[in-house]
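Numbering (full-length UniProt numbering), first residue to last: 1 to 627. See structure below.
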Amino acid sequence: MTTRRINEGYRVMMGGMLLACFMISLCMVTVPTLGQAVTMRPKDPDLTIHTALYDAIEMEASGDFSRSELKNVMRRRSVYLDDLGRVHVEIIGPEGGPAITASALTPYGAELENAWRNRADAWIPLPQVVNLARRLAPNYRLQKAMYGTPTSVMGEGPAETNSQSYRDGGADGAGLTIAIFDGGFDNLTEAMNNGDAPPPGQATRINLTSTDFEEPDDGTHGTGCVEAAYDHCPGATWRIYKYHTLVDLGNAVDDAIGYGVDIISHSIAWYNTGWEDDSGDACNEARNAAEAGIFFFTAAGNSATEHWQGFYNAGPDAPNVHDWIDGDEMLSVTVPDGQTVSFFLSWDHTNGQVYDYDLSLWGNGGSMLLDYSNFGGNTFEEVSYDNSTGSDRVVELRIERESGGSTEMEIFMKGSATWNEHIIAAGSTISPTNCTHPNVIVVGAVHHGLYDYPNGFNTIMSYSSQGPSNSGMTLPDICGPTHTIGFTYDDPIQGFGGTSCATPNCAGAMCAFWSADTQLLQRGVWWLTLRQADLWRDWGVDGEDNVYGWGGLFLTDYVEHTIWVARSYENYADDRGYPFYTVQAAHDAQVPGGRLLFFPGGTYPEPATLSTNMRLETIEHDATLGQ
């Protein structure tokens with residue numbers, strides 16, 4: 001491996017050159033098109049605006065870009081403009097405080113779109129962004145609106161999870177309400193008309209965004225999620241939520257709670273929104289749903305091959321530049337022509353100390369600055385690059401320390417590119433997977449063609465994010481089949497991929513399983529689901545692990561009127577909402593002709609009077625009844 005260094009003095013010289021440049025900036029500086037070099041701005045401690053927002057402001061002021069050109073260019077950098085030249089921003093207040101009001105935004109020509117707790121998102125004319133940011137109340141900050149990242153005919157999911165035996169036997173989700181949360185539902189009407197998504201009379205659409213529900217520019221990711229889940233539980237009631245921002249997500253959760261949703265499928269990743277367990281708004285919103293009794297299925301992420309994590313490592317020659325390994329100050333990534341990538345840096349400040357790291361992206365062997373981010377201490381950084389050079393290009397990431405000591409950091413990437421070095425799969429799950437509530441279920445991915453492999457085989461998709469969380473929680477919880485084929489994603493090789501596909505497959509399969517016995521409560525349903533995965537599809541080490549969780553979701557064959565009996569659940573009170581502890585209680589709750597299913601076998605020494613005709617079956621081990 002060739003090590004690469006950038007002279008430390010070059011950074012200081014650039015900072016000195018740049019101040020004069022910035023003083024005349026917003027109305028006079030022409031920003032180069034994406035892919036060319038950029039100039040570094042000095043850090044303003046009183047104003048934290050993302051570099052891409054500054055670039056959008058300057059590009060508009062230059063007059064070199066039409067409104068549609070600017071809109072398209074900035075969309076590739078995850079900055080969203082409308083046809084009026086307004087940019088989508090979020091204004092975040094202190095936790096526990098109120099969101100900014102519409103009246104406070106009016107003087108700047110801004111329109112409040114939505115608010116949730118301490119967050120608000122709004123559309124504001126580009127020339128007013130800096131003015132508004134400077135006049136926000138203390139502890140309020142403005143940032144570009146963050147949109148969640150997708151982690152992406154009958155599909156193969158029901159066959160691979162064996163939910164088809166439930167669906168085809170009549171346990172098709174009826175009596176339960178399932179919700180899909182996503183940002184792109186183009187082609188949904190066509191999928192409905194083709195019978196691959198719930199019909200209009202069975203599904204409610206809720207649009208929390210400013211774009212049309214089936215806006216083509218927003219893609220078909222959510223439609224793929226609907227189709228994957230619908231294969232398992234076509235009899236359920238459906239609520240389909242279109243959302244873009246964390247404000248939207250909070251409002252979607254509140255609405256789902258109000259309408260009695262039972263299961264949510266969420267295949268979106270939220271970078272830079274929480275370091276430790278149970279932190280960040282994405283995690284908070286998942287927990288709100290879980291505490292209301294909703295199963296919140298969320299994708300583990302597709303970052304196992306696009307992630308680095310470790311402590312800041314001061315190099316011997318330049319202590320304020322991080323060495324990925326000793327002597328190597330750059331992380332190399334190959335970006336294909338025509339692709340846009342973003343990189344996200346966050347770090348641990350749970351010890352109360354202040355750390356200030358900057359992130360930059362370089363080309364030409366470290367001689368051309370492509371993008372940089374310097375938000376300020378104890379926050380996060382993000383850089384982007386759009387490769388329009390006509391050929392694949394190697395870019396390099398660099399971390400600099402402005403202040404503070406050494407703490408743990410991690411880097412994620414969004415987009416299609418190949419990391420050439422320093423890949424660390426461990427810890428690559430993405431918020432809201434850091435929520436510890438047991439009703440938040442994190443899903444990894446196994447190709448559907450490998451799903452019937454026996455226990456012990458290494459079947460995980462190479463990209464499927466792995467645990468643990470930054471606080472040590474074992475993740476994911478379970479795995480599901482991916483690259484299944486549907487109406488919208490009909491490619492016979494790729495199908496609908498990623499943990500994005502595995503998540504609705506698991507959510508839909510659980511919906512079918514639960515609908516077979518809706519007297520079971522959430523904890524009982526989840527315990528049975530996990531233990532069946534551990535029994536039938538435990539591809540990793542015995543028990544729970546940070547690659548597969550408990551294994552792949554797979555259901556025991558459906559039989560109508562099944563009651564589970566499981567000694568190891570320890571339901572000493574024989575509550576009907578959980579697997580029974582004693583044979584007598586299970587018998588008394590059963591209808592004639594039903595099945596008592598002993599899982600996994602076991603000894604039940606208590607005397608029981610069995611006066612009703614029913615099936616007695618056991619899984620894995622023999623069951624001994626009576627003395």
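Heads up, the beta-carbon is just placed ideally off N, CA and C, and yes, glycines get one too.
Inset, instruction - Express the C-alpha separation of Val440 and Asp278 in angstroms, rounding to a whole number. - result: For Asp278 and Val440, the distance between alpha carbons rounds to 11 Å.
Legend entry - Arg77 vs Ile124 beta-carbon contact at 9 Å: Using a Cβ distance threshold of 9 Å, Arg77 and Ile124 do not count as a contacting pair.
Legend entry - Cβ neighbour criterion (16 or more within 10 Å) applied to Met146: Answer is buried; the Cβ neighbour count reaches 16.
Legend entry - Proximity to Thr189 [Cα-Cα], best of Phe213, Gly183, Asp182: Residue Phe213 is the option with its Cα nearest to Thr189.
Legend entry - Helix, strand or coil at Thr603 [DSSP, three-state]: Correct three-state label for Thr603: strand.
Inset, instruction - Give the C-beta separation of Cys511 and Ala236 to the nearest angstrom, bearing in mind that I take them to be a contact with Cβ-Cβ under 8 Å. - result: Yes, they are in contact, since the Cβ atoms of Cys511 and Ala236 sit about 6 Å apart, within 8 Å.
Inset, instruction - May I ask you to report which of helix, strand or coil DSSP gives Arg134? - result: Looking at Arg134 - three-state DSSP - the assignment turns out to be helix.
Inset, instruction - Sort Val73, Gly169, Arg67, Glu60 by Cα distance to Asp557 and report the nearest one. - result: Nearest of Val73, Gly169, Arg67, Glu60 to Asp557, Cα basis: Gly169.
Legend entry - Endpoints, beta strand (DSSP E) assigned at Val341: Taken as a continuous stretch (DSSP letters only), the beta strand (DSSP E) holding Val341 covers 340–347.
Inset, instruction - Throw me the rounded Cβ distance for the Gly224 and Gly486 pair, which I believe falls under 8 Å. - result: Going by Cβ atoms, the distance from Gly224 to Gly486 rounds to 6 Å, so yes, they are a contact pair.
Legend entry - Stretch-stretch touch, CB-based, cutoff 8 Å, three pairs: the segment 406–414 with the segment 307–314: Flag = yes, the segment 406–414 and the segment 307–314 touch.
Inset, instruction - Could you tell me which uninterrupted alpha helix (DSSP H) segments, each at least 4 residues in length, are contained entirely in the segment 78–125, listed from first to last along the chain? - result: Entirely contained in the segment 78–125, the alpha helix (DSSP H) runs reaching 4 residues are, in chain order, 102–105.
Inset, instruction - To the nearest angstrom, report how far apart Val89 and Ile424 are at their CA atoms. - result: In this structure, the CA atom of Val89 is about 32 Å from the CA atom of Ile424.
Inset, instruction - Let me know the secondary structure DSSP gives Ala318 once reduced to three states. - result: Under the three-state reduction of DSSP, Ala318 is assigned to coil, being neither helix nor strand.
Legend entry - From Ser303, Arg167, Ser388, residue whose alpha carbon lies closest to that of residue 629: Residue 629 lies beyond the residue range present for the chain, which begins at 1 and ends at 627; the question has no answer from this structure.
Legend entry - His307, enclosing beta strand (DSSP E) - first and last residue: Looking at the DSSP string, the run of the beta strand (DSSP E) that includes His307 is 307–311.
Inset, instruction - Return the residue from the list Tyr581, Glu156, His621, Leu249 that minimises the CA-CA distance to Ala608. - result: Looking at the Cα atoms, Tyr581 is the closest of the given residues.
Legend entry - Span separating the alpha-carbon of Asn251 from that of Glu285: Rounded to whole angstroms, Asn251 to Glu285 spans 9 Å at the Cα level.
Legend entry - Burial state of Glu95, where buried means 16 or more other Cβ atoms lie within 10 Å: Glu95 counts as exposed, since fewer than 16 other beta carbons sit within 10 angstroms of its beta carbon.
Legend entry - Identity of the residues DSSP links to Pro150 by a beta bridge: In the DSSP secondary-structure assignment, Pro150 is bridged to Ile268.
Legend entry - For Gln466 and Ser346, the rounded distance between their alpha carbons: Those two C-alpha atoms are separated by around 18 Å.
Inset, instruction - Report all residues from its chain with a CB closer than 6 Å to the CB of Thr418; omit the five preceding and five following residues, and keep chain order. - result: Non-local beta-carbon contacts of Thr418 in its own chain, meaning distances under 6 Å to residues more than five positions away in sequence, involve Thr334 in chain order.
Inset, instruction - Compare the C-alpha of Thr624 against each of Thr612, Leu610, Pro605, Tyr569 and name the closest. - result: Residue Pro605 is the option with its Cα nearest to Thr624.
Inset, instruction - Please confirm whether Glu382 and Tyr312 have their CB atoms less than 9 Å apart. - result: No, Cβ-Cβ distance for Glu382 and Tyr312 is not below 9 Å.
Inset, instruction - May I ask you to report which of helix, strand or coil DSSP gives Cys435? - result: Reduced to three states, the DSSP call for Cys435 is coil.
Legend entry - Separation of Trp362 from Arg75, as counted between CA atoms: Straight-line spacing of the CA atoms in Arg75 and Trp362 works out to 21 Å.
Legend entry - Which listed residue (Arg393, Glu421, Gly444) has its alpha carbon closest to that of Asp337: Nearest C-alpha to Asp337: Arg393.
Inset, instruction - Measure from the alpha carbon of Ile493 to the alpha carbon of each residue in Ser62, Tyr578, Thr484, Cys501, then state which is nearest. - result: The shortest C-alpha separation from Ile493 is found at Thr484.
Legend entry - Chain-order list of residues whose beta-carbon lies under 6 Å from that of Val31 (same chain, five-residue window excluded): Only weak support is given to the placement of Val31: the predicted model assigns it a pLDDT of 31, under 50, and the value that follows is read from those uncertain coordinates. Excluding residues within five positions, the ones whose Cβ falls inside 6 Å are Asp55, Glu58, Met59.
Legend entry - Own chain partners of Glu408 with C-beta closer than 6 Å, once the 5 adjacent residues on each side are dropped: Hits under 6 Å: Phe311, Asp348.
Legend entry - Which of helix, strand or coil DSSP assigns to Cys233: It is coil, neither helix nor strand.
Inset, instruction - Measure the C-alpha to C-alpha separation of Trp116 and Asp82 and round it to an integer number of angstroms. - result: Taking the straight line from one Cα to the other gives about 22 Å.
Legend entry - For Asn207: DSSP bridge partner residues: Answer is Lys242, bridged to Asn207.
Inset, instruction - Starting from Phe297, follow the beta strand (DSSP E) in both directions and report where the run begins and ends. - result: Phe297 -> beta strand (DSSP E) spans 295–299.
Legend entry - Interface flag, Gly315 vs chain B, CB-CB below 9 Å: No chain B appears in this structure, which consists of one protein chain only.
Inset, instruction - Between the Cα of Ala228 and those of Glu620, Ala573, Tyr572, Asp490, spot the shortest distance and give me the residue it belongs to. - result: Nearest of Glu620, Ala573, Tyr572, Asp490 to Ala228, Cα basis: Asp490.
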